[in-house]
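Chains as they are written, first to last, in my numbering: chain H, 68 to 483; chain A, 68 to 483.
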């Protein structure tokens with residue numbers, strides 16, 4: 068293995084031992100201090116970021132990405148504020164649950180402990196650097212970051228600032244390490260460091276996530292893509308339906324819990340679709356509809372098979388007429404990405420059926436899919452939204468960065 | 068993709084939809100019926116198994132493996148009994164926990180649901196076939212089995228018998244499917260069927276598990292290997308220590324929770340080791356000791372560096388003298404496989420330190436490591452012992468074969 072990665076791995080293992088027993092008070096003290104120091108380092112962060120931004124522009128980076136890359140005084144304050152919010156969250160580490168006396172006298176419980184070493188692979192978004200550190204540190208995890216090459220100077224500046232604070236507070240600086248070599252070869256090697264890294268979390272677009280899932284031998288928590296549907300049932304309150312569809316589609320379009328596809332029961336298509344078409348056009352939403360819907364939606368173009376499986380992340384909505392709730396559920400289970408799905412209905416049995424049979428992280432009755440989010444669900448912080456079924460599903464709060472170990476108190480028990 | 072695998076995957080997806088809503092009563096009825104029918108099929112199972120056993124012997128299969136492969140009337144009864152025991156276990160599916168009203172009126176809870184499609188890759192142990200089906204079926208999961216080529220006739224006979232029962236009870240036969248092509252190429256393709264399989268569980272030796280972890284792009288639950296330690300502290304009750312060590316080493320040697328390595332505090336080495344050596348020799352345990360221990364244990368040979376990292380699964384024990392509990396913990400965290408570790412001590416602080424700092428699925432004070440087991444922990448059934456940190460850690464009961472989905476009841480909420 069690459070010497071640099073090996074050293075990083077060893078450093079992380081040593082730091083893991085130290086963080087395993089750090090108190091909540093100490094963690095909170097450090098998080099506050101890191102927040103303060105990030106703001107103190109504003110000038111350094113801005114000048115490092117300026118290099119990345121200039122470089123990005125010179126390389127014709129799309130405007131949206133440049134915006135994500137850009138740091139401002141306000142955004143640095145925002146990173147600091149994110150860390151301060153973590154202080155007020157309950158520390159999940161150390162709780163022992165289910166402690167029970169077995170018939171042979173053994174007392175067995177499950178203690179919540181850090182995962183150990185968390186690897187984060189992400190794109191050119193420097194705010195993820197501080198964010199991921201905060202979530203991992205609050206849960207006693209060591210973090211190794213592999214950011215995009217486009218944000219290298221920014222990430223280095225942020226990590227240096229964090230490490231300075233750790234050192235000043237007598238905590239191992241290796242609680243956070245950044246892989247400075249942003250080559251693909253190094254990334255590929257990093258994804259096979261099972262001996263040193265307990266879990267890998269990719270944060271970014273579809274391509275990044277797929278690459279990590281395919282290459283990593285370390286367990287991966289897959290976050291993200293959302294081809295989310297809303298199904299308007301025969302019995303729906305149609306005003307409510309229009310409001311929810313517009314909210315889920317247009318309140319923010321570039322996010323994974325936005326609605327991408329609409330299914331409408333044939334018995335309400337005539338009442339709903341013309342009205343909806345008008346409202347969608349006001350918001351400049353492109354409509355891609357099947358034949359039945361197209362005739363009722365002026366301005367709609369014909370949807371192709373590809374549309375049903377596409378997460379647009381844009382002002383585009385696919386629309387299809389279905390004949391009953393079963394057809395809607397079957398369509399959703401065929402094309403969805405396991406993120407968020409909603410039914411609008413006043414029918415009790417159809418609501419229950421939809422909740423039971425749709426296979427997704429979050430299934431809604433009569434509400435916008437836009438609520439699938441750590442803050443909205445009441446966790447107060449989020450490491451991402453898991454679309455896989457193992458370990459964590461849906462919005463992941465601090466608990467997703469922990470595991471348990473069995474602790475067993477005996478007095479000489481042997482197995483007969 | 069291989070046409071056969073693709074068809075298996077599609078069948079599994081269809082079956083998944085059916086099993087998502089099957090009632091506990093129906094599942095229990097089928098489990099009872101499968102148990103009965105397996106016993107009814109005894110003659111067919113024995114003749115199919117005879118082909119595998121004969122073939123194994125002709126190919127010089129080691130005796131231990133032939134024994135694992137062999138079916139007898141008693142063992143078939145045992146498989147049936149295992150299925151009947153599942154009937155009495157509580158069905159975890161459908162429970163909704165943490166249901167809370169959010170400030171905006173949304174009612175959000177987490178519903179326990181099946182994982183979906185579970186893949187099991189295992190070696191020539193036909194009992195795993197019935198066992199894995201039972202655990203998966205009780206939790207509403209579809210199972211795809213990839214057994215060893217050495218047990219193919221036995222596995223086919225068992226799977227046919229189960230599918231007959233499913234059909235007779237009006238349940239999809241594809242709740243269980245066996246990959247009849249036992250080639251490595253097919254196995255390798257199977258491990259990349261992310262679209263159809265939600266989790267892969269390898270059951271078998273170290274080599275098999277490692278191959279699956281390295282090749283699979285499907286999330287894997289790693290079960291298994293156990294390089295388990297016992298540390299005898301300065302303050303230990305030495306009679307208790309001897310009893311526990313002998314139990315953990317010799318009660319059954321070929322299992323993952325058996326003790327493989329002993330650490331002894333230098334202040335008790337003279338009292339403990341000569342007595343222990345005698346008792347171990349009575350049980351024909353080979354002792355591989357470091358220099359300090361070797362002089363106190365007649366008959367002990369010198370341990371090599373390799374010994375510290377070896378899971379013997381045999382009548383062999385490595386022994387090392389340490390200077391304090393910290394050295395013991397550091398040694399364990401360096402060489403263990405994250406399975407089961409024990410301290411024998413009367414010292415409160417050392418007991419707590421050991422529980423806190425040793426990184427393993429199960430950490431014991433004053434008890435034998437042999438208790439790490441689904442039945443002993445009170446789960447009544449076990450799909451394996453997870454030595455990884457994600458999703459499940461330690462003995463995995465039915466809960467490990469489930470996930471959750473968020474169910475959200477609204478009345479028109481949109482995101483501001």
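A virtual CB, placed ideally from N, CA and C, is assigned to each residue, including glycine.
It should be emphasised that the depicted structure is a prediction, and the values quoted were computed from it without experimental measurement.
Are the C-beta of residue 167(H) and some C-beta of chain A separated by less than 8 Å? Indexing the first chain from 1 puts residue 167(H) at position 100. Taking 8 Å as the CB threshold, residue 167(H) lines the interface with chain A.
Determine the direct distance from the alpha carbon of residue 312(A) to that of residue 356(A), and round the result to whole angstroms. Position 289 of the second chain, counted from the first residue, corresponds to residue 356(A). Position 245 of the second chain, counted from the first residue, corresponds to residue 312(A). Distance from the CA of residue 356(A) to the CA of residue 312(A), rounded to the nearest whole angstrom, comes to 15 Å.
Using 8 Å as the limit for Cβ to Cβ distance, is residue 257(H) near chain A? Against the first chain, residue 257(H) aligns to sequence position 190. With 8 Å as the cut-off, residue 257(H) does not count as an interface residue toward chain A.
So what's residue 451(A) in DSSP terms, helix, strand or just coil? As a first step, residue 451(A) must be located in the second chain, where it is residue number 384. Correct three-state label for residue 451(A): strand.
What does residue 333(H) pair with, by DSSP beta-bridge criteria? Taking the first chain and counting its residues from 1, the one referred to as residue 333(H) is at position 266. For residue 333(H), DSSP assigns no beta-bridge partner whatsoever.
Can you give me, in chain order, the residues of the stretch 297 to 326 of chain H that have a beta carbon less than 7 Å from any beta carbon in chain A? Residues of the stretch 297 to 326 of chain H whose Cβ lies closer than 7 Å to any Cβ of chain A, in chain order: 307, 310, 311, 314, 318.
Work out the CA separation of residue 271(H) and residue 386(H) for me, nearest whole Å. Position 319 of the first chain, counted from the first residue, corresponds to residue 386(H). Position 204 of the first chain, counted from the first residue, corresponds to residue 271(H). Rounded to whole angstroms, residue 386(H) to residue 271(H) spans 27 Å at the Cα level.
Bounding residues of the alpha helix (DSSP H) (the contiguous stretch that carries residue 84(A)): Position 17 of the second chain holds residue 84(A). Its alpha helix (DSSP H) spans residues 70 to 86.
Which stretch, first to last residue, makes up the alpha helix (DSSP H) that contains residue 166(A)? Here residue 166(A) refers to the residue found at position 99 of the second chain. In this chain, residue 166(A) is not harboured by any alpha helix (DSSP H); it is covered by the beta strand (DSSP E) spanning 163 to 168.
If you draw a straight line from the C-alpha of residue 43(A) to the C-alpha of residue 174(A), how long is it? Only positions 68 to 483 of chain A appear in this structure, which leaves residue 43(A) out of reach.
Count the CB pairs spanning the stretch 213 to 222 of chain H and the stretch 125 to 139 of chain H that are closer than 8 Å, and state whether there are at least three. Segment contact: the stretch 213 to 222 of chain H against the stretch 125 to 139 of chain H, three or more CB-CB distances shorter than 8 Å; contact assigned.
Determine whether the Cβ of residue 273(A) lies closer than 8 Å to any Cβ atom of chain H. As a first step, residue 273(A) must be located in the second chain, where it is residue number 206. For residue 273(A), the answer is no, since every Cβ of chain H falls outside 8 Å of its Cβ.
Beta-carbon gap between residue 143(A) and residue 105(A) smaller than 8 Å: Taking the first residue of the second chain as position 1, residue 143(A) is located at position 76. Taking the first residue of the second chain as position 1, residue 105(A) is located at position 38. A Cβ-Cβ contact shorter than 8 Å links residue 143(A) with residue 105(A).
Would you mind reading off the limits of the alpha helix (DSSP H) that contains residue 225(A)? Here the question's residue 225(A) lines up with position 158 in the second chain. For residue 225(A), the enclosing alpha helix (DSSP H) stretches over residues 219 to 235.
Per DSSP, which one or two residues make a beta bridge with residue 476(H)? As a first step, residue 476(H) must be located in the first chain, where it is residue number 409. Bridge partners of residue 476(H): 174(H), 432(A).
Using 8 Å as the threshold, is the C-beta distance between residue 479(H) and residue 126(A) below it? Position 412 of the first chain, counted from the start, is the residue given in the question as residue 479(H). Position 59 of the second chain, counted from the start, is the residue given in the question as residue 126(A). In this structure, residue 479(H) sits away from residue 126(A), with a CB-CB distance that is not shorter than 8 Å.
Rounded distance between the beta-carbons of residue 344(H) and residue 221(H), thought under 8 Å: Reading the first chain from its first residue, position 154 is the one you call residue 221(H). Reading the first chain from its first residue, position 277 is the one you call residue 344(H). With a contact defined as Cβ atoms closer than 8 Å, residue 221(H) and residue 344(H) miss out at about 44 Å.
From the DSSP output, in three-state form, read off residue 406(A) for me. Within the second chain, residue 406(A) is the residue found at index 339, counting from 1. Correct three-state label for residue 406(A): coil.
Counting pairs of beta carbons, one from the stretch 405 to 418 of chain H and one from the stretch 456 to 467 of chain A, are three or more of them closer than 8 Å? Not touching, per the Cβ criterion.
At a Cβ threshold of 8 Å, is residue 471(A) touching chain H? Within the second chain, numbered from 1, the residue matching residue 471(A) stands at position 404. It does: the Cβ of residue 471(A) has a partner Cβ on chain H nearer than 8 Å.
Rounded to whole angstroms, how far is the Cβ of residue 82(A) from the Cβ of residue 150(A), which I believe are closer than 8 Å? Taking the first residue of the second chain as position 1, residue 82(A) is located at position 15. Taking the first residue of the second chain as position 1, residue 150(A) is located at position 83. By a beta-carbon distance limit of 8 Å, residue 82(A) does not contact residue 150(A). Their separation comes to about 19 Å.
Jot down the residue ranges of each uninterrupted alpha helix (DSSP H) in the stretch 120 to 168 of chain A, minimum 4 residues, whole runs only, in chain order. As for any alpha helix (DSSP H) of minimum length 4 sitting wholly inside the stretch 120 to 168 of chain A, the runs are 130 to 136, 140 to 155, ordered along the chain.
In the DSSP assignment, find the alpha helix (DSSP H) that holds residue 251(H) and state where it starts and stops. Working through the first chain from its first residue, we reach residue 251(H) at position 184. Where residue 251(H) is concerned, the enclosing alpha helix (DSSP H) stretches over 251 to 257.
What span of residues does the alpha helix (DSSP H) with residue 415(H) cover, start to end? Against the first chain, residue 415(H) aligns to sequence position 348. Counting along the chain, the alpha helix (DSSP H) containing residue 415(H) begins and ends at 415 to 424.
Residue 410(H) versus residue 334(H): straight-line alpha-carbon distance, rounded: Here residue 410(H) refers to the residue found at position 343 of the first chain. Here residue 334(H) refers to the residue found at position 267 of the first chain. The straight-line gap from Cα to Cα measures roughly 15 Å.
Identified DSSP bridge partners for residue 289(A): Here residue 289(A) corresponds to residue number 222 of the second chain, with the count starting at 1. According to DSSP, residue 289(A) shares a beta bridge with no other residue.
Leaving out five residues before and five after residue 239(H) in sequence, what residues of the same chain have Cβ atoms less than 8 Å from its Cβ? The residue given as residue 239(H) occupies position 172 in the first chain. Within the same chain, residue 239(H) has close Cβ partners 81, 82, 85, 86, 233.
Using a Cβ distance threshold of 8 Å, determine whether the stretch 278 to 285 of chain A contacts the stretch 387 to 400 of chain A, with at least three qualifying pairs required. Counting C-beta pairs with one atom in each stretch, the stretch 278 to 285 of chain A and the stretch 387 to 400 of chain A have fewer than three that are closer than 8 Å, which means they do not touch.
How about residue 402(H): is its C-beta nearer than 8 Å to some C-beta of chain A? Against the first chain, residue 402(H) aligns to sequence position 335. So no, residue 402(H) is outside the interface.
How would you call residue 165(H), buried or exposed, if buried means at least 16 neighbouring beta carbons within 10 angstroms? Within the first chain, the letter at position 98 stands for residue 165(H). Residue 165(H) is exposed by the Cβ-count criterion.
Among 262(H), 459(H), 113(H), which has the Cα closest to the Cα of residue 225(H)? To locate residue 225(H), count along the first chain from 1; it is residue 158. Nearest neighbour of residue 225(H) by Cα position, chosen from 262(H), 459(H), 113(H), turns out to be 113(H).
Sorted by chain position, which residues of the same chain lie with C-beta nearer than 6 Å to residue 91(A)'s C-beta, five sequence neighbours on each side aside? Within the second chain, residue 91(A) is the residue found at index 24, counting from 1. Result list for residue 91(A): 158, in chain order.
For residue 267(A), would you say it is in contact with chain H, using Cβ-to-Cβ distances shorter than 8 Å as the test? Position 200 of the second chain, counted from the first residue, corresponds to residue 267(A). Not an interface residue.
By Cβ distance below 8 Å, which residues in the same chain neighbour residue 120(H) in space, the five residues on each side in sequence not counted? Walking along the first chain from the start, residue 120(H) turns up at place 53. Only 133, 136, 137 meet the Cβ criterion.
Option in 316(H), 290(H), 320(H) with minimal Cα separation from residue 441(H): Indexing the first chain from 1 puts residue 441(H) at position 374. Of 316(H), 290(H), 320(H), the residue nearest in Cα terms is 290(H).
Note down, in chain order, each residue of its chain lying with its Cβ closer than 7 Å to the Cβ of residue 405(H), except the 5 sequence neighbours on either side. Sequence index remark: in the first chain, residue 405(H) carries index 338 (1-based). Closer than 7 Å at Cβ, skipping near neighbours: 426, 427, 428, 454.
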